[in-house]
Amino acid sequence: MKQLRSSGAANLWTTVSMLALSIVSVAIRLAIRRWGRIPLSWSDWLILLGVAAIAADTGLIVNYIVNGPGPGTYELEDIVANYANGGAEWGAAMMKELYIGDLIFGLSITLVKLSILTFYRELFAISKTFQRWNWAVSALCIAWFLIFTFCNAFQCKPPSALWEYLGSTEYCLASGPLWLGYEITNFFLDVMILVLPVTLVERLRLRTAQKWSVVTIFLLGGLVCVASIIRMVYIWHPSAPETVSISQVQILSMVQLGVAVLCACLPTYAPLLNLFRKAIKRLKNATTFSLPKTYDTGGKNVSSTQDSAKRSEYYLMGEAESSTHTAAASTNGFIETHPLTDIPSRSIVVSKSVQIA
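Residue 216 in numbering that gives the first Met the number 0 sits at position 217 of the sequence shown; the count goes up by one each step and never skips.
What follows is the structure, given as structure tokens:
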């Protein structure tokens with residue numbers, strides 16, 4: 000492997016790491032779907048397309064850094080300093096990668112946004128008002144993608160001036176203002192997507208602690224907003240608006256994509272979290288009822304360990320909320336209990352009381 004500049008090495012490892020994070024996040028999501036016997040929905044297909052686009056972007060970056068001309072640098076100063084010794088070729092290769100990469104970035108982040116919004120529509124299908132707002136935000140995301148794809152594609156006149164003249168303002172729009180507008184609007188779209196489900200959680204029939212748990216999962220999407228804010232800092236230089244910190248912006252772009260995929264998948268991990276909580280409860284109950292004690296019952300010493308073994312399932316059913324269904328008949332006082340099977344995600348639990356005369 001050739002000797003890389005620090006900017007090339009940093010971009011290489013960040014890009015590969017974020018692709019790995021995206022793949023693992025989606026793999027867990029799909030495994031939970033399979034475990035719960037839940038068919039794939041449009042939100043799952045959209046996130047898969049998003050990861051495929053991220054993989055394509057990763058391939059471009061890795062190819063430029065590892066196989067491209069020069070030391071895989073993303074520093075314009077380095078390219079200009081070596082312009083007569085191959086720097087012109089380095090710069091052309093870097094700008095071509097950035098040109099195509101920016102277009103793929105817009106596609107990737109839009110697919111992730113649409114996946115999240117589609118998941119919301121599936122989850123909160125009962126609210127017509129929410130559905131209308133959801134569709135409105137989805138339309139804004141698509142419009143944002145189309146507008147900035149056009150702006151990035153025709154930033155220079157002709158487009159080839161981007162790599163032939165290294166984005167000179169004589170032929171191209173200044174990258175700073177263009178990318179700043181791109182990122183500010185991207186940030187506000189993320190905030191809108193973040194706030195949408197929070198307004199509905201208040202109406203759910205959950206305990207306050209459960210509501211906060213749900214809200215926290217959704218608000219973790221705010222990590223994408225943090226990455227967006229940091230990205231703006233490296234995009235905009237008031238003293239030189241035509242310049243952009245290319246290496247840092249590229250790194251933060253990939254971090255933003257990786258975190259966005261993770262945050263899009265987090266709400267689908269709810270069955271896994273429920274399974275974990277159930278395991279903790281079982282462990283707690285097993286510990287509680289296996290303490291060896293003896294007590295007197297009419298002159299006989301009986302070990303509570305043996306008794307608890309017979310009654311452990313009863314206590315486990317009583318410990319889990321809504322874990323049993325009880326049918327009662329008043330004619331003979333007979334009471335029969337039946338344990339419910341695990342409720343898959345996107346299901347509604349209906350509780351009924353039936354009295355038999």
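Backbone N, C-alpha and C define an ideal beta-carbon position, used for all residues, glycine too.
As the structure is a prediction and not an experimental result, all values here were calculated from the model.
Asked: Inter-residue spacing [alpha-carbon to alpha-carbon] between residue 26 and residue 81; Found: 44 angstroms
Asked: Beta-carbon separation (whole angstroms), residue 364 vs residue 108, contact threshold 8 angstroms; Found: There is simply no residue 364 to check, as the chain begins at 0 and stops at 356 in what is shown.
Asked: Reference residue 255, options 40, 50, 41 and 33, closest by Cα; Found: 50
Asked: Residues sharing a beta bridge with residue 155, DSSP; Found: 171
Asked: Nearest-angstrom Cα separation, counted from residue 113 out to residue 349; Found: Because residue 349 sits at a pLDDT of 40, beneath the cut-off of 50, its placement in the model cannot be relied upon, and the following sentence gives the value as read from the coordinates. About 31 angstroms.
Asked: For residue 144, three-class secondary structure by DSSP; Found: helix
Asked: Rounded separation between residue 198 and residue 94 - CA only; Found: 43 angstroms
Asked: Cβ separation of residue 188 and residue 139, assumed to be a contact under 8 angstroms, to the nearest whole Å; Found: 6 angstroms
Asked: DSSP-derived helix/strand/coil call for residue 58; Found: helix
Asked: Inter-residue Cα distance where the pair is residue 261 and residue 162; Found: 34 angstroms
Asked: Contacting residues, own chain, Cβ-Cβ under 7 angstroms from residue 64 (five flanking each side not counted); Found: 3, 7, 10, 11 and 71
Asked: Host alpha helix (DSSP H) of residue 28 (start-end); Found: 5 to 34
Asked: Secondary structure of residue 163, DSSP reduced to three states; Found: helix
Asked: For residue 92 and residue 142, the rounded distance between their alpha carbons; Found: 30 angstroms
Asked: Supposed close pair residue 55, residue 103 - CB separation, criterion 8 angstroms; Found: 6 angstroms
Asked: Straight-line gap, residue 277 to residue 267 (C-alpha atoms, nearest Å); Found: 17 angstroms
Asked: 7 angstroms Cβ cutoff met for residue 90 and residue 177; Found: no
Asked: Residue interval of the alpha helix (DSSP H) (run including residue 111); Found: 86 to 122
Asked: Residue nearest to residue 251 in terms of C-alpha spacing, selected from 239, 28, 238 and 233; Found: 233
Asked: Same chain, Cβ closer than 7 angstroms to residue 319, five either side skipped, listed in chain order; Found: With a pLDDT of 40 at residue 319, under the threshold of 50, the modelled position of that residue is not reliable, and no figure is offered here.
Asked: Supposed contact pair residue 236 and residue 175 - C-beta distance, whole angstroms, cut 8 angstroms; Found: 6 angstroms
Asked: Presumed contact (8 angstroms Cβ cut-off) between residue 73 and residue 245, rounded CB distance; Found: 5 angstroms
Asked: Residue 226 - containing alpha helix (DSSP H), residue span; Found: 221 to 234
Asked: CB contact flag (residue 59, residue 96, <7 angstroms); Found: yes
Asked: DSSP state of residue 46 mapped onto helix, strand, coil; Found: helix
Asked: Cβ-based burial, residue 14 [other Cβ within 10 Å; buried from 16]; Found: buried
Asked: Limits of the alpha helix (DSSP H) - the one that residue 198 falls within; Found: 197 to 200
Asked: Contact belief for residue 121 with residue 16 at Cβ below 8 angstroms, rounded distance in angstroms; Found: With 8 angstroms as the limit, residue 121 and residue 16 do not qualify as a contact, their Cβ atoms being about 30 angstroms apart.
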